[in-house]
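Numbering (UniProt numbering) for the sequence shown: 1 to 142.
Virtual Cβ for every residue (Gly too), placed ideally from N, Cα, C.
Remember, predicted model here, so these are calculated numbers, not experimental data.
Notes follow the structure.
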Amino acid sequence: MTTRTEETGPSGAAYNAFLAVCPSRMLLDRLANKWVVLVLCALGGDAEKAPDVPAAPTALRYSELARLLSGVSQKMLTQTLRSLERDGLLTRTVVPTVPVTVTYELTDLGLSLLGVVRRLREWAQSHMDDVLAHREKYDARA
């Protein structure tokens, strides 16, 4: 059971993701997207880290993100970046060079979420063999 303090945000509004109309449920929908997780991890420095070196957050250009996120369409990457910027999880910085340079970087709010999504990605990678084995066993029953 939660206390009233645990259920409210700084505004005093009560949030309960189990309710269909709760804004926190909509945020969970957004955060559960694979591209959101991968963008946050890429900006967290996970994509290029050596196995024995801790990842450090980094600013990346759009083209660098597109290259790191194999299979993402230009439209999906643009939509994902815009939604993360709108939610305050990353910043978009435009430098007036020729051509214009645009970089993306995690905000403090984004950094506070990074550990969670990093662990989710790591869990998926390390347990994929188990999941595949369970899928095979399940499909064999059908």
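The shortest CA-to-CA distance from residue 39 to any of 63, 21 and 18 is the one to 63. DSSP places residue 113 inside the alpha helix (DSSP H), whose first and last residues are 108 to 126. Put simply, the stretch 73 to 87 does not touch the stretch 124 to 142. Fewer than three CB pairs are less than 8 Å apart. Note on the stretch 26 to 68: whole alpha helix (DSSP H) runs with a minimum of 4 residues are 34 to 43 and 62 to 68, in chain order. Taking a contact as a CB-CB distance under 8 Å, the pair residue 19 and residue 42 does not count as one, their CB atoms being some 32 Å apart. Judged by DSSP in its simplified three-state form, residue 97 adopts coil rather than helix or strand. Annotation for residue 84: the continuous alpha helix (DSSP H) segment containing it runs 74 to 86.
Within the DSSP bridge table, the entry for residue 104 names 60 and 92 as partners.
Assigned with DSSP and collapsed to three states, residue 13 falls in coil, not helix or strand.
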